[in-house]
Structures are given as structure tokens and as C-alpha cells.
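S.K.:
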Amino acid sequence: MAYHNAFAALADPTRRAVFERLRGGPVSVGEIAAGLPVSRPAVSQHLKALREAGLVRHEVDGTRRLYEVDPKGLGDLRGWLDRFWSDSLAAFKAEVERPQHKSSSRRPSSTRKAPR
Amino acid sequence: MNTTVSTPAYVEPVIRSLHVAATAARAFEVFTANIGRWWISTHSILASKSPQASVTIEPRVGGRWYERGEDGSECDWGHVLAWEPPRRLVLAWQLDPQWQFDPALVTEVEVRFDAEPGGGTRVTFEHRCLERYGAGADAARSGLASEGGWSGLLERYRQIAR
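In the order they appear, the protein sequences are chains W and B.
Each residue of the first sequence is one higher than the one before, starting from 1 at the first, in my numbering.
Each residue of the second sequence is one higher than the one before, starting from 1 at the first, in my numbering.
1) At least one CB of chain W closer than 7 Å to the CB of Val55 of chain B: is that the case?
2) Whose CA, out of B:Arg16, B:Glu126, B:Leu130 and B:Ala115, lies closest to the CA of Val109 of chain B?
3) Relative to the alpha-carbon of Arg87 of chain B, which residue among B:Val30, B:Val111 and B:Val55 has its alpha-carbon at the smallest distance?
4) Would you say Arg163 of chain B lies against chain W (beta-carbon separation less than 7 Å)?
5) Taking 7 Å as the CB-CB limit, is Asp82 of chain W close to chain B?
6) With a cut-off of 8 Å on the beta carbons, I'd call Trp85 of chain W and Arg16 of chain B a contact; round off their distance for me.
7) Please report the distance separating the alpha-carbon of Gln45 of chain W from that of Val123 of chain B.
8) Beta carbon of Ala53 of chain B, beta carbon of Gly69 of chain B: below 7 Å?
9) Taking the C-alpha atoms as reference points, what is the distance between Arg57 of chain W and His43 of chain B?
10) Can you pull the chain W neighbours of Phe31 of chain B, defined as C-beta to C-beta under 7 Å?
11) Residues in its own chain within less than 6 Å of Pro51 of chain B by CB, not counting five upstream and five downstream?
12) Pull up the distance between the alpha-carbon of Arg21 of chain W and that of Ser41 of chain B, whole angstroms please.
13) For a contact meaning CB atoms closer than 8 Å, what does Arg78 of chain W contact in chain B?
14) For a cutoff of 7 Å on Cβ pairs, would you count Glu59 of chain W as touching chain B?
15) Going by DSSP in three states, Asp138 of chain B sits in which element: helix, strand or coil?
16) Are there 16 or more other CB atoms within 10 angstroms of the CB of Thr32 of chain B, so buried, or fewer, so exposed?
17) Determine the DSSP secondary structure at Arg21 of chain W, reduced to helix, strand or coil.
18) Residue ranges of each alpha helix (DSSP H) run of no fewer than 4 residues wholly in the region 6-67 of chain B, ordered along the chain?
19) Here's the rule I'm using: 16 or more other beta-carbon atoms within 10 Å means buried, otherwise exposed. How should Asp61 of chain W be labelled?
20) Would Lys48 of chain W be called buried (16 or more neighbouring beta carbons within 10 Å of its own) or exposed?
21) List, in order along the chain, the chain B residues whose C-beta lies closer than 7 Å to that of Leu89 of chain W?
22) Checking contacts by CB at 7 Å: is Val96 of chain W closer than that to chain C?
23) Using a Cβ-Cβ cut-off of 8 Å (strictly less than) and excluding sequence neighbours within five positions of Ala22 of chain B, which residues of its own chain qualify?
24) According to the Cβ coordinates, are Trp38 of chain B and Ala34 of chain W closer than 7 Å?
25) Beta carbons nearer than 7 Å to chain B: which residues of the region 36-50 of chain W have them?
Below, the structure written as C-alpha cells:
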């Protein structure tokens, strides 16, 4: 899932630092590496992971590749939670409105109906 | 708790409003005491990978919110911030980006149960403080905490994602 990918990608502190370098607008690999204690190849690897997670995109400016934040990224992060709660609340509503049996007011452990 | 960490940024909360054909008291009870009956059991993060056996919200402020596997292992998800049956419930959802319980991270889930004039209950749900994802816990841990750090980034993200 995109959400998992995004959060997993940002779990790495160095990668997060690379990501934060994009805050000011499009930058090149060299410009990112200049402010960090990591090599350019390492920065490129982090950018690749961020791109695959949908957080970063790049554009070509002449001979340079400029990287920037992909605006769809937050949509993915928040969108996952959005869907997560939609599904969960639909299941909650179904349970609340399920006909009650007087004899089973206690919670039975064997009536889990959620699909696995 | 990261209440002392400044998180000026704002990420739009997840908000839901739904009508349920039941009293507020029943809706509150099902949401809390019977959460294991409706929680989608694949939404489980037990380290042991054991099938989820139960989900529990302890009925008091400060009570734990956790899951238990069939093998008996447990995993905390958060705790109760406000316990006001049958009208209102606030839970702390404390799972970090790697789906690990992080006591330093608090995002808030508020659920209100209001009786509707025509019968039934209006359930209003909000998962907020999403900007704290990373802002307090992760950023502090990795030394990236700063005014323009993670939270500023998310804010920028939010603005350009519109």
C-alpha cells in the first residue's frame, strides 16, 4: 500500500533528512548531498526509495535532474487512514445495528465475522 | 507524551459522521466494550503474527487500548484520554509510522454519540493531530526536531497537495 511505503520510506532518518532538503523547492542531487554527511550515490539511493514510495518526483532541467516533493504523497498517507476508518466504521455500524439476542449480551469470542 | 513538543503544522483530520439505528448508550458500548466484535481483525500488528483474539479498551481515563493474540501476546495501540459514556470518547492512537507503539506519540481519536431527534444516534468521528506523525517522536529521536522540521514539511505538503 502506498501509505505503508511512504511511512516505511520515511522511517530512515537519513532518508527523512534528504526529504526535508526538498522543502524549498526543486533541487539537484548535488545540492542535497552538499548539506548532508552522505555521498551523492547514497543520496541518489534515498531519492529512488522516496520516488518509489510516491513522496518525491523529478523533472529534467537541461542536463540536470531536479527533485521535488510529490504533492500526491500526503494524499496517500492521509488517504490510507481515511479508508482505514471508513472500513472500520462501516463494520462498527453493522455491529451496532445487528439484531441483538437477549441470551448473548456477553461478548462471545467465537463470533468474529471480520474476514482475514 | 509529546504535549510539550511544538507542532504548529496542521494536517487535516480524518472526519466521519454516520447515523446508527441504536441508542447512544448502545453505540458507545459497542464501540468500546465490544470493539473486538467489529474491529477488522487483519488490522493487527502483533509482533508474534499470531491471529488477533481480542481488542480491548479499558473503560476509564488512562485505560489501555490494546490487542491480544491467540497466543496470549499483547500489543498496545494507545490509551483512553476521555471517558464520558454515553456521549464522548477520546482515544490516544500511538502507533508510529512503522506500526510500533510509541508512548511519545499521541494522535487523537474522538468519537461523539448524539441522540438524533428522529431516533437513532449520530456518531461523529475524528482522527486528528496527524501532523504529530513524526513531529514529536520521530523527529526528536533522530535529531531533526526543529521549527522547520517534519511538521513544517507536512504543512508544506498539505498546502501543495490541495
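Yeah, the Cβ is synthetic: ideal placement off N, Cα and C, and Gly gets one too.
M.R.: Reading off the structure:
1) Counting from 1 along the second sequence, the entry for residue 55 of chain B is found at position 55. Not an interface residue.
2) Here residue 109 of chain B is taken as the residue at index 109 of the second sequence, counted from 1. It is B:Glu126 whose Cα lies nearest to the Cα of Val109 of chain B.
3) Position 87 of the second sequence, counted from the start, is the residue given in the question as residue 87 of chain B. Ranking the options by Cα distance to Arg87 of chain B, first place goes to B:Val111.
4) It is not possible to answer for residue 163 of chain B, since the shown part of chain B is limited to 1 through 162.
5) Against the first sequence, residue 82 of chain W aligns to sequence position 82. With 7 Å as the cut-off, Asp82 of chain W counts as an interface residue toward chain B.
6) As a first step, residue 85 of chain W is located in the first sequence; it is residue number 85 there, counting from the start. As a first step, residue 16 of chain B is located in the second sequence; it is residue number 16 there, counting from the start. Between Trp85 of chain W and Arg16 of chain B the beta-carbon gap is near 6 Å, inside 8 Å, which marks them as a contact.
7) Position 45 of the first sequence, counting from 1, holds the residue named residue 45 of chain W. Position 123 of the second sequence, counting from 1, holds the residue named residue 123 of chain B. Those two C-alpha atoms are separated by around 46 Å.
8) Within the second sequence, numbered from 1, the residue matching residue 53 of chain B stands at position 53. Within the second sequence, numbered from 1, the residue matching residue 69 of chain B stands at position 69. A contact, by the Cβ cut-off of 7 Å.
9) Within the first sequence, the letter at position 57 stands for residue 57 of chain W. Within the second sequence, the letter at position 43 stands for residue 43 of chain B. Approximately 30 Å between the Cα atoms of the pair.
10) Working through the second sequence from its first residue, we reach residue 31 of chain B at position 31. Near Phe31 of chain B (Cβ distances below 7 Å), the residues of chain W are Phe92.
11) In the second sequence, residue 51 of chain B corresponds to position 51, counting from 1. Cβ within range, chain order: Glu70.
12) Along the first sequence, read from residue 1 onward, the residue named residue 21 of chain W stands at position 21. Along the second sequence, read from residue 1 onward, the residue named residue 41 of chain B stands at position 41. One C-alpha to the other measures close to 39 Å.
13) As a first step, residue 78 of chain W must be located in the first sequence, where it is residue number 78. Going along chain B in sequence order, the residues near Arg78 of chain W (Cβ under 8 Å) are Val11, Glu12, Val14 and Leu130.
14) Indexing the first sequence from 1 puts residue 59 of chain W at position 59. So no, Glu59 of chain W is outside the interface.
15) The residue given as residue 138 of chain B occupies position 138 in the second sequence. Because Asp138 of chain B carries a pLDDT of 40, less than 50, the predicted location of this residue cannot be relied on, and the following value inherits that uncertainty. The answer is helix: DSSP assigns Asp138 of chain B an H, G or I state.
16) Here residue 32 of chain B refers to the residue found at position 32 when the second sequence is read from its first residue. Label assigned to Thr32 of chain B: buried.
17) What you label residue 21 of chain W is simply residue 21 of the first sequence in a count that begins at 1. Looking at Arg21 of chain W - three-state DSSP - the assignment turns out to be coil, as it is neither helix nor strand.
18) 24-32 and 35-38
19) Position 61 of the first sequence, counted from the start, is the residue given in the question as residue 61 of chain W. Flag for Asp61 of chain W reads exposed.
20) As a position in the first sequence, residue 48 of chain W is number 48, starting the count at 1. Lys48 of chain W comes out exposed.
21) Here residue 89 of chain W is taken as the residue at index 89 of the first sequence, counted from 1. Here the neighbours are Arg16, Leu18 and Phe125.
22) In the structure shown, chain C does not exist; the protein chains are W and B.
23) As a working note, residue 22 of chain B is residue 22 in the second sequence. Here the set comprises Val30, Gly120 and Thr121.
24) As a position in the second sequence, residue 38 of chain B is number 38, starting the count at 1. As a position in the first sequence, residue 34 of chain W is number 34, starting the count at 1. No.
25) none
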